[in-house]
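S.K.: Numbering (full-length UniProt numbering), first residue to last: 1 to 382.
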């Protein structure tokens, strides 16, 4: 198989940083994002160019196009196919790289997406074999369907899915998310989570890039079950001793940050609430800040951001944490936090109420997915 990612290995970090800074200045100059969120928007735009470009020239052109042109006035740019002939993966022709993960790379070939497992050994909690078994058991309208599995010419596992041209992350990176689309996306997300949690499954990586969209208007599909926990298939993770290194950046639930290995489906509900808070901001912005999971200090930074945003927890506001291996109390500094009215001053009142009932420390008091679907914010979805 042709080494399509060779150009990425030769791209220096300093070059990527320079492009991010250039994009940040252009975004601020055009008023596409506030000063505080321009860096995040620039980072997302550069990452998208890095993941979707077939060559260094295409990557440079994509970054330059963003800085030199006005933003598109319609959604057609989201749906364009990559240029070039692509590569062959097994029996699939004309495959174009669209994303990379810790243990996999994703390609588009006509109407399908191919998830190619690049690691020969499991990197827990990533377990492709378990992912396949879980996906084969699932059947829900709002969960991406595994069409088949096969091996490529190098013997690597390939999972085949219907191709979806958008993610909620890409929608967020382009600017404000419409109220109608937000409601549709979260109705689909909570429908998927209600089904999963009813089966005893915890997704463990709910985030905007894992919510796929068939079009700029939806419907939405929950994807990427590579780190999902299953009550019988996760044989190396008993229910009371689960892996803590799950979730991504600012969407990680606080119980996993303080050593609660008995966490449950509430971690998915926290992540969904953080996503909703991000979507109802104008421009979109997650309420918490965190470095990438691989960076030093990422966990402490996220903890501080959560505490500063919604307040340092107490034994009264987070009683379950008394029994955690690393209780969060008697912190060196207490932060009063802010109300959701302060944090989301222009958001829909019903949306704020739903967020308030999801993004709370005590996991047992968070709404379940079924309860979220019944909340007035989503119950009125047309």
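For every residue, glycine included, the Cβ atom is placed at its ideal position computed from N, Cα and C.
#1: If we ignore side chains and look at the alpha-carbon of each, how far apart do residue 114 and residue 301 end up?
#2: Helix, strand or coil: which one does DSSP assign to residue 362?
#3: Below 8 Å on the Cβ atoms is my guess for residue 350 versus residue 376; work out the distance and round it to an integer in Å.
#4: State buried or exposed for residue 102, treating a residue as buried only when at least 16 other CB atoms are found within 10 Å of its CB.
#5: Indicate whether residue 220 and residue 184 have their beta-carbon atoms separated by less than 8 Å.
#6: Evaluate residue 231 with the Cβ neighbour count: other Cβ atoms within 10 Å of its Cβ, from every protein chain shown; 16 or more gives buried, anything less gives exposed.
#7: Buried or exposed, going by whether 16 or more other CB atoms sit within 10 Å of the CB of residue 73?
#8: Taking the alpha-carbon positions, what's the residue 338 to residue 308 distance?
#9: Assign residue 203 to one of two classes, buried (16 or more other C-beta atoms within 10 Å of its C-beta) or exposed (fewer than that).
#10: Who are residue 158's beta bridge partners in DSSP?
#11: In terms of residue numbering, what span does the beta strand (DSSP E) encompassing residue 121 cover?
#12: Who does residue 97 pair with in a DSSP beta bridge?
#13: What distance in whole Å lies between the Cβ atoms of residue 157 and residue 149, which are believed to be in contact at a cut-off of 8 Å?
#14: Under DSSP, the beta strand (DSSP E) around residue 213 begins and ends at which residues?
#15: Classify residue 314 as buried or exposed, calling it buried when 16 or more other Cβ atoms lie within 10 Å of its own Cβ.
#16: Would you decide whether residue 247 is buried or exposed? Buried here means 16 or more other CB atoms lie within 10 Å of its CB.
#17: Where does residue 190 fall in DSSP's three states?
#18: Quick check on this structure: which residue in 99, 316 and 159 has the alpha carbon closest to the alpha carbon of residue 8?
#19: Pull up the DSSP beta-bridge partners for residue 195, would you.
#20: Which residue comes first and which comes last in the beta strand (DSSP E) that contains residue 87?
#21: Going by the CB atoms, is the gap between residue 119 and residue 226 shorter than 8 Å?
#22: When the Cα of residue 161 is compared with those of 144, 347, 214 and 269, which residue comes out closest?
#23: If we call anything under 8 Å between Cβ atoms a contact, is residue 287 one with residue 378?
#24: Jot down the residue ranges of each uninterrupted alpha helix (DSSP H) in the region 224-264, minimum 4 residues, whole runs only, in chain order.
#25: Decide if residue 240 is buried, meaning its Cβ has at least 16 other Cβ atoms within 10 Å, or exposed.
#26: Tell me which residues share the same chain as residue 311 and place their Cβ nearer than 7 Å to its Cβ, disregarding the 5 neighbours each side in the sequence.
#27: Among the candidates 57, 270, 24 and 54, whose CA atom is the shortest distance from the CA of residue 45?
#28: Roughly how far, in whole angstroms, is the beta-carbon of residue 268 from the beta-carbon of residue 354, given that I think they are within contact range, below 8 Å?
#29: Classify residue 281 as buried or exposed, calling it buried when 16 or more other Cβ atoms lie within 10 Å of its own Cβ.
#30: Would you report the Cα separation of residue 278 and residue 284, rounded to the nearest angstrom?
#31: Pick from 319, 325, 63 and 249: whose alpha carbon is nearest that of residue 206?
#32: Under DSSP, the alpha helix (DSSP H) around residue 372 begins and ends at which residues?
M.R.: A quick look at the data gives this:
#1: Cα-Cα distance, rounded: 35 Å.
#2: coil
#3: 5 Å
#4: Per the 10 Å Cβ criterion, exposed.
#5: Taking 8 Å as the cut-off, the beta carbon of residue 220 is found closer than this to the beta carbon of residue 184.
#6: exposed
#7: Unreliable positioning characterises residue 73 in this predicted model, as indicated by a pLDDT of 38, which lies under 50. The coordinate reading is nonetheless provided below. Per the 10 Å Cβ criterion, exposed.
#8: 8 Å
#9: buried
#10: According to DSSP, residue 158 bridges with 116 and 150.
#11: It is not in any beta strand (DSSP E) - residue 121 carries neither H nor E in the DSSP assignment.
#12: 107
#13: 7 Å
#14: 211-213
#15: With fewer than 16 other CB atoms across the displayed protein chains lying within 10 angstroms of its CB, residue 314 is exposed.
#16: buried
#17: helix
#18: The shortest Cα separation from residue 8 among 99, 316 and 159 belongs to 99.
#19: Its beta-bridge partners do not exist; DSSP assigns none.
#20: 87-89
#21: no
#22: Closest option to residue 161, Cα to Cα, is 144.
#23: no
#24: 254-257
#25: Its Cβ having fewer than 16 others within 10 Å, residue 240 is exposed.
#26: The residues are 335, 336 and 337.
#27: 24
#28: In fact, because the Cβ distance is near 15 Å, the residues do not count as touching under 8 Å.
#29: buried
#30: 5 Å
#31: 249
#32: 369-374
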